[in-house]
Each structure stands twice: as C-alpha cells, then as structure tokens.
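The next block holds one structure in the form of structure tokens; read it before the comments.
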Amino acid sequence: MGRKIIPVLIIFLLSGLFPASCLADAAPSTATLTVDQAIEMAKEKRNDVQVAWLELQAAGVSTDLAWDSASEAEAAAHIPGTDYFADLGYDPYLQVFNAEYNEKAKQKAYDLKLESLEFSVYQRYYAVVSALDNADAQKLASQHAEEKLKIAKLRAQLGMDTKFTLFQAETQAASANSSWANAQQELDQKYINLMEYIGMGSSSRPALVRELTYEPITLVNPESRFQEIVSSSPSVWLANESVQLLLDTAGNSGSDDLDYINEQKADINVISTKDSMLQVTRNIYYSLKTIEDSYAAAEDSLRTANEALRIAKLMYEVGMGTKLDITAAEIAANTAQENLDSMSYQHAILAKALEKPWAYGAAN
1 MGRKIIPVLI IFLLSGLFPA SCLADAAPST ATLTVDQAIE MAKEKRNDVQ
51 VAWLELQAAG VSTDLAWDSA SEAEAAAHIP GTDYFADLGY DPYLQVFNAE
101 YNEKAKQKAY DLKLESLEFS VYQRYYAVVS ALDNADAQKL ASQHAEEKLK
151 IAKLRAQLGM DTKFTLFQAE TQAASANSSW ANAQQELDQK YINLMEYIGM
201 GSSSRPALVR ELTYEPITLV NPESRFQEIV SSSPSVWLAN ESVQLLLDTA
251 GNSGSDDLDY INEQKADINV ISTKDSMLQV TRNIYYSLKT IEDSYAAAED
301 SLRTANEALR IAKLMYEVGM GTKLDITAAE IAANTAQENL DSMSYQHAIL
351 AKALEKPWAY GAAN
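The numbers in the sequence shown follow this note's numbering, run straight up by one, and end at 364.
Listed below in structure tokens is the structure:
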C-alpha cells in the first residue's frame, strides 16, 4: 500500500485558487483537478446556476418597477397645494412589499443554489475517488486470482491437484477478471457524471486528489451551536420574512379576522421550520460522532493490515513466503484503506453539512 491518509487538502474550506473564467481551459484531461476547481467550473458552466441568477435579476427589475408604479400612483393622488392625497381605494405600496419579498426570496434561492452545488460537486468528485479505490481493489483481487490459477495449473500438471480444483481456480479467476472489468466501467460512468456536471468534456479524465483530511468536530455546547445554525437557515429566514410581509400588508385582506388567522399560521410555520431544521442538524451531528467513535478502530485495522503486509514481504524475501501471500496481504491492506477513506469522506462531508444542513439537503 503506497497511498496513505495525509492532510494535504481541507475539503471545501479552501476558496478557489483559480479564476473561474480560466478553469474550463486550464484543466486538460491529464491535469490534476481539485475539488475547489471543479466547484468553480460548475458555478460558471451550469445552466441552473445561470437561471437562478437571471431570476434574481428579474426580481430586482420587478422591485424597481413596483417602486416606480407606487411613486407614480402617489404623485397622481396628491392634491395640489396641500399635504393631502386623494383616496386611491388601495395601497399603492402593497405591490412594493410583495416585490421586495420576492426579490429577497430569489436572493436566498440563488445563494442556496451555489451552496448546494458545492455538495453536488463533492458527492460526484468523491464517487470517482471511491470508484478509483474500488478499481484498484478489484485489480489486486484479479491478480491474486490469476496467481492462484497459475499455481493450480502447475499442481494439476504435476498430479498434485484434481481437475476440479483447477476448474475452481479458473472460475474464480474469470469472476475476478469480470469484477475488475465492471469496476473499470463503473469508474468510467462516475467520471462522465462528474465531467458533465462541471461542464468538462465527458471523455476528460483528470487526476483527482484522493487523500482526505480527518479532523474531529469539537462543540463545547452542541445545542447552543445548533440554534445558531438553525437561525442561519434560509428556510427559517424566509418563514420569518413571511411573517413580516403579513405585518407590512395587514389590512389589505378586507378582514381583521383573516389577517389574524394568517399571522397565526405564519408564526406556526416559523416554529415548525425551526424544529425541522434543528432535527436535521442534530442528526448530522450525531452521525458525525458515530463516525468519530469508529475511526480509531479503523485506523488500528489499517495499521495491523499494513504490518501484516510488511511481514509478508519480509517472509518472501527470506524464502519463507510466496507472492500469493503478498498479494493476499495487499488485498487486506487495501480493504482497510478503503474503509478508512470512506469514513474520512463521510466525516468531511458531514462536517461541512453541519454548518449548512439546508445546502446538504438540497444537493442533487
């Protein structure tokens, strides 16, 4: 095993290091593509991001038009030479309140699109990394099966094994080769999924950063931090803004009772939205702690597997072991490494999700 977990990349915590306008041309198929570069490329290339931006711009124009219309109506209602205004029969600024709320909602939607895009890219990025690990593992398994087949053939020729044993070895080798081929196909599909999402050619195969950093999460007062996170949620913000909109436009429904009912419903919606986001945040945090509780054991398993591999190589060098023993030890060490890599990824993504659980849930 040559690849180890080393702290060379802090997932999602580094800002993009390359201008977005240059990324499409600066990441050829053989270059290394970092997750930050992939995120910036997606922001520039994805149509859904551009549509969200255009909707925000349109909402801004609508707000300006609403203000212009309200100002014109107010000017027309002004009684010359006085400080009085004629009754228009409606509030000309009602459309302003609604337009401003819509613009704020579009701003939050655009921000959420960018935040959730990061998780979408990272999920696809790691899917490729995972597929690379799996392809490596299947390659080792195939090599192991081929070595066993060679030995089985030799033993059969010398009359030391039956044809049945040889047939078993042939079947196992064929199965291992098939699994390796399937792993390579899956890797290709994952690459295509990532490349198309970020706007690169589907045939591009840039090298990816396969090492992840593991850093346990420490919260002195988890519940207090949960409340802070919930307060930052766009859905909670919009729920509160809906209450404010009702207060700003009160009296326009034609019924005080209806106004009161609508305000009560909006208040309840704020509480429900907060409770829902709080539960999601708690679930993410405790999922993180579950991984952390198991991480040390996974590290021990990897150390044990690597030590077994080292011993297998030493035994082979002094003539007390076989290449088959080395390959088997390599497979065990690779499996332990894969497990630790997977836990590192899950921890990294959940640590990020804990700060913005709404974006994690909106990723696709």
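We put the CB at the ideal spot given by N, CA and C, even for glycine.
Query	Result
Can you give the Cα-Cα distance for ILE229 and LYS190, rounded to whole angstroms?	33 Å
Short check: CB of LEU187 to CB of LEU132, under 8 Å?	yes
What separation, rounded to the nearest whole angstrom, lies between the Cα atoms of LEU13 and SER242?	Note that LEU13 has pLDDT 35, beneath the 50 cutoff, so the model's placement of it is unreliable and the number below is only indicative. Their backbone Cα atoms lie some 33 Å apart in a straight line.
So, for LEU117: in the same chain, excluding its five sequence neighbours on each side, which residues have a beta-carbon less than 6 Å away from its beta-carbon?	ALA42
Under the three-state reduction of DSSP, which class applies to ALA207: helix, strand or coil?	strand
Give the DSSP-derived three-state secondary structure of VAL33 in the structure shown.	Per the sequence presented here, residue 33 reads as Leu, with Val not at that position. Reduced to three states, the DSSP call for LEU33 is strand.
Take the Cβ of SER142 as the centre, count every other Cβ of all protein chains shown within 10 Å, and call the residue buried at 16 or more, exposed below.	buried
Looking at C-alpha atoms only, which residue of SER301, GLN184, GLU263, ARG303 is the closest neighbour of ARG205?	GLN184
Closer than 7 Å by C-beta to TRP67: which residues in its own chain qualify, once you throw out the five before and the five after it? Chain order, please.	VAL96
Label GLN138 either buried or exposed according to how many other C-beta atoms from any shown protein chain fall within 10 Å of its C-beta, with 16 as the threshold for buried.	buried
Only counting the same chain, and skipping five residues up and downstream in sequence, which positions put a Cβ closer than 8 Å to that of LEU354?	ILE217, ILE229, THR281, ILE284, TYR285, LEU288
If I follow the unbroken alpha helix (DSSP H) through ASN240, where does it start and stop?	234-248
Cα-Cα, which of THR165, GLU338, LEU238, TYR90 is closest to ALA298?	GLU338
When the Cα of ALA109 is compared with those of LEU54, LEU88, PHE85, LEU158, which residue comes out closest?	LEU54
On the CB-based measure, 16 or more other CB atoms within 10 Å of its CB, does LYS113 come out buried or exposed?	buried
If you measure between the beta carbons of MET200 and VAL236, is that distance less than 8 Å?	no
May I ask you to list the residues that DSSP assigns as paired with HIS78?	PHE85
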